[in-house]
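There are 2 protein chains.
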Amino acid sequence: MDTRTFTVTPVGIVRAGNESFTIEVFGPFRPALRGLSGFGHILVLWWGDRVDTPECRGETVCRKPYTKGPETVGVFATRSPVRPNPVALSVAPVIGIDTASGIIRVAYIDADDGTPVLDIKPYLPATERVRDVSVPVWSSHWPQWYEDNAGFDWAAEFTFKE
Amino acid sequence: MDTRTFTVTPVGIVRAGNESFTIEVFGPFRPALRGLSGFGHILVLWWGDRVDTPECRGETVCRKPYTKGPETVGVFATRSPVRPNPVALSVAPVIGIDTASGIIRVAYIDADDGTPVLDIKPYLPATERVRDVSVPVWSSHWPQWYEDNAGFDWAAEFTFKE
C-alpha cells in the first residue's frame, strides 16, 4: 500500500453547449499546444469534479450499471467518473487549434460544460489503436469503432438515467 | 484560470522485470477489479513520479524531441511523462486477472518498475478505437496499430537516449 498523495491542477476547461465543444487552455499552458495541429484526435484527461467526494471516491463496485451486464461491476471495469481517482479519459476529434488563444475546437467531448481539464495528449495509432480487440460477451454488441459511437443507442445500455 | 488543486492517490503499483509485467492493485481497491476479466486490453493511468518536480512540471515545450520532427514541440503534443500534470496513459494487453490477490498480468507496459498506478479502465473499441486517424507528416511513418509497435525502431525516432 502506498498512502502518498499527489496533486494535480487544471490546465484548462471544457466549454460545451449548443452543439459546440471547445477546450480552453489557460494562458501559462498555451505554449504546450505547439505541434499538436495535424493530429486528427486528442486524448483529454479531465477531472470528475462532480464526483470528487469521499463517498464517490470510496465506491469500488456499482450495482447493475449495464442493462445487459452482470449484477455487480467493479469501478475499474466501468468508464464512470465515479472511481477512487476521478480522472476520466475522452478521445476527441480535432476541428481546429488556435495556440495563441488556447482554444481547441473539437467535434464532441463527453464532459460537462465547466469540467476541469488536466491534460491533453496526441492520439497515436501506435499506442491507442488496437487491431485485435476483445470484450466480455455482455458488451460485444457495442460499437467496434469510435466513429460508430454516435449512432448507437447508449441510453438502452445503462440502468442509470440522467 | 483555475488555481485549484486536486489530490490523487495510488491504487496500485507497476512491477516490471525479467520480461514479466504485472500491476499489483492494493487491498482496498481489489473489489474494483470485478468484471474486468474478458476485456482484452486495459488503459492504465500512472504517475510519472520521476518527473514530479517543479522544474519538469513547469516545462511547456521540448527542444527537438523527435529526430524527424519540428525544432520545438509543446508537451501536449508529446507522450513524455514530463508535463504539468505527470499522468501518463498506457494501453496494456491483459494476460490474466486475479481479483483476490489484485494481480493483473499484462503482456507489456511502458512504465518503470515501482511506478504508482492511479487508475485502471477497460479499453473499449467504441471509445478508443479510431478508424480514420490522421497524424502530422513527420510522424506518418509510425505504426498504425498498437500491435505493430513492438517491431518498430522507436530508438531511431527520439533524440533523447536513456
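The listed protein sequences correspond, in order, to chains S and Y. Using the working numbering, the letters of the first sequence correspond one by one to residues 1 to 162. Using the working numbering, the letters of the second sequence correspond one by one to residues 1001 to 1162. C-beta: ideal position from N, C-alpha, C; glycine also. It should be emphasised that the depicted structure is a prediction, and the values quoted were computed from it without experimental measurement.
Compile a chain-ordered list of the residues in the segment 1112-1139 of chain Y whose CB is closer than 9 Å to at least one CB of chain S.
Answer in chain order: 1116, 1118, 1119, 1120, 1121, 1122, 1123, 1124, 1125, 1126, 1127, 1128, 1129, 1130, 1131, 1132, 1133, 1134, 1135, 1136, 1137, 1138, 1139.
Kindly indicate the opening and closing residues of the beta strand (DSSP E) around residue 165 of chain S.
The shown model of chain S, from 1 to 162, leaves out residue 165 of chain S, and the question about it has no answer.
Going by beta carbon distance, what residues of the same chain come within less than 8 Å of residue 1097 of chain Y, once the five residues before and after it are set aside?
Taking the second sequence and counting its residues from 1, the one referred to as residue 1097 of chain Y is at position 97. The residues are 1033, 1036, 1037, 1103, 1104, 1105.
If I measure Cβ to Cβ from residue 1121 of chain Y and keep anything under 6 Å in the same chain, skipping five residues before and after, which residues do I get?
As a position in the second sequence, residue 1121 of chain Y is number 121, starting the count at 1. For residue 1121 of chain Y, where only same-chain residues beyond five positions count, the Cβ hits under 6 Å are 1043.
First and last residue of the uninterrupted beta strand (DSSP E) at residue 7 of chain S
Taking the first sequence and counting its residues from 1, one reaches residue 7 of chain S at position 7. Per DSSP, residue 7 of chain S belongs to the beta strand (DSSP E) from 6-8.
Using C-beta distances below 6 Å, list every residue in its chain close to residue 48 of chain S, excluding the 5 sequence neighbours before and after it, in chain order.
Here residue 48 of chain S refers to the residue found at position 48 of the first sequence. 81, 86, 88, listed in sequence order.
8 Å contact criterion, which residue 1008 of chain Y and residue 6 of chain S should meet: CB distance rounded:
Position 8 of the second sequence holds residue 1008 of chain Y. Position 6 of the first sequence holds residue 6 of chain S. Sure, about 5 Å apart at Cβ, within 8 Å.
Could you check whether residue 1017 of chain Y and residue 1113 of chain Y sit closer than 8 Å to each other, using their CB atoms as the reference points?
Position 113 of the second sequence, counted from the first residue, corresponds to residue 1113 of chain Y. Position 17 of the second sequence, counted from the first residue, corresponds to residue 1017 of chain Y. Their beta carbons are under 8 Å apart, which means residue 1113 of chain Y touches residue 1017 of chain Y by this criterion.
For residue 145 of chain S, go through chain Y and note every residue whose CB falls closer than 8 Å to its CB, in chain order.
What you label residue 145 of chain S is simply residue 145 of the first sequence in a count that begins at 1. Residues of chain Y passing the Cβ test: 1125, 1126, 1129, 1130, 1131.
In the segment 1067-1098 of chain Y, which residues sit with their C-beta less than 7 Å from some C-beta in chain S, listed in chain order?
Of all residues in the segment 1067-1098 of chain Y, 1070, 1072, 1073, 1074, 1075, 1076, 1077, 1079, 1083, 1084, 1085, 1087, 1089, 1091 have a Cβ within less than 7 Å of some Cβ in chain S.
Under 8 Å between C-beta atoms, does residue 1141 of chain Y make it to chain S?
Position 141 of the second sequence, counted from the first residue, corresponds to residue 1141 of chain Y. By this cut-off, residue 1141 of chain Y is not an interface position.
Could you please give me the residues that DSSP links to residue 1015 of chain Y through a beta bridge?
Here residue 1015 of chain Y refers to the residue found at position 15 of the second sequence. Per DSSP, Y/1022.
Does the beta carbon of residue 1029 of chain Y come closer than 8 Å to any beta carbon on chain S?
As a first step, residue 1029 of chain Y must be located in the second sequence, where it is residue number 29. At least one chain S Cβ lies under 8 Å of residue 1029 of chain Y.
Ignoring anything shorter than 4 residues or poking outside the segment 1106-1147 of chain Y, list the alpha helix (DSSP H) runs there in chain order.
Correct list: 1125-1128.
The beta strand (DSSP E) enclosing residue 1063 of chain Y, as first and last residue numbers
Looking up residue 1063 of chain Y in the second sequence gives position 63. Residues 1061-1063.
Against chain S, which members of the segment 1010-1043 of chain Y pass a CB distance test of less than 9 Å?
Contact residues of the segment 1010-1043 of chain Y toward chain S are 1010, 1011, 1012, 1013, 1025, 1026, 1027, 1028, 1029, 1030, 1031, 1032, 1033, 1034, 1035, 1036, 1037, 1038, 1039, 1040, 1041, 1042, 1043 (C-beta to C-beta distance below 9 Å).
Assuming residue 108 of chain S and residue 84 of chain S make a contact with CB atoms under 8 Å, what is their CB distance in whole Å?
Walking along the first sequence from the start, residue 108 of chain S turns up at place 108. Walking along the first sequence from the start, residue 84 of chain S turns up at place 84. 27 Å between Cβ atoms; not a contact.
Give the C-beta separation of residue 1030 of chain Y and residue 146 of chain S to the nearest angstrom, bearing in mind that I take them to be a contact with Cβ-Cβ under 8 Å.
For the purposes of this step, residue 1030 of chain Y is identified with residue 30 of the second sequence, where counting begins at 1. For the purposes of this step, residue 146 of chain S is identified with residue 146 of the first sequence, where counting begins at 1. That pair is no contact at about 31 Å.
Please report the residue range of the alpha helix (DSSP H) in which residue 1054 of chain Y lies.
Counting from one through the second sequence, the residue named residue 1054 of chain Y turns up at place 54. Note, residue 1054 of chain Y: alpha helix (DSSP H), 1054-1057.
Smallest Cα separation from residue 26 of chain S: which of Y/1013, Y/1024, Y/1045, Y/1002?
Residue 26 of chain S sits at position 26 when you count from the first residue of the first sequence. Restricting attention to Y/1013, Y/1024, Y/1045, Y/1002, the CA atom closest to the CA of residue 26 of chain S is found in Y/1002.
For residue 62 of chain S and residue 1053 of chain Y, I'd like the C-alpha separation in whole angstroms.
Within the first sequence, the letter at position 62 stands for residue 62 of chain S. Within the second sequence, the letter at position 53 stands for residue 1053 of chain Y. Between residue 62 of chain S and residue 1053 of chain Y, the C-alpha separation is close to 36 Å.
Might you give, ordered along the chain, the residues of its own chain that have their beta carbon closer than 7 Å to the beta carbon of residue 1110 of chain Y, omitting 5 neighbours on each side?
As a working mapping, residue 1110 of chain Y is identified with position 110 in the second sequence. Counting only Cβ-Cβ distances below 7 Å, and skipping sequence neighbours, we find 1090.
With a threshold of 8 Å between beta-carbons, can residue 6 of chain S be considered close to chain Y, or not?
As a first step, residue 6 of chain S is located in the first sequence; it is residue number 6 there, counting from the start. It does; some Cβ of chain Y falls within 8 Å.
Supposed close pair residue 117 of chain S, residue 14 of chain S - CB separation, criterion 8 Å:
Mapped onto the first sequence, residue 117 of chain S falls at position 117. Mapped onto the first sequence, residue 14 of chain S falls at position 14. Between residue 117 of chain S and residue 14 of chain S, the beta carbon gap of about 6 Å places them in contact (Cβ cut-off 8 Å).
Can you name the residues of chain S whose CB is closer than 8 Å to the CB of residue 1061 of chain Y?
Position 61 of the second sequence, counted from the start, is the residue given in the question as residue 1061 of chain Y. What residue 1061 of chain Y touches in chain S: 31, 32, 34.
For chain S, check one thing: does any of its Cβ atoms lie closer than 8 Å to the Cβ of residue 1046 of chain Y?
Position 46 of the second sequence, counted from the first residue, corresponds to residue 1046 of chain Y. It does not: the Cβ of residue 1046 of chain Y has no partner Cβ on chain S nearer than 8 Å.
In angstroms with no decimal places, state the Cα-to-Cα distance between residue 1065 of chain Y and residue 1136 of chain Y.
The count along the second sequence starts at 1 and reaches residue 1065 of chain Y at position 65. The count along the second sequence starts at 1 and reaches residue 1136 of chain Y at position 136. If I take the Cα positions, the gap works out to 15 Å.
Just to confirm, is the Cβ distance from residue 4 of chain S to residue 1028 of chain Y under 8 Å?
Taking the first residue of the first sequence as 1, we reach residue 4 of chain S at position 4. Taking the first residue of the second sequence as 1, we reach residue 1028 of chain Y at position 28. Going by C-beta atoms, residue 4 of chain S is not nearer than 8 Å to residue 1028 of chain Y.
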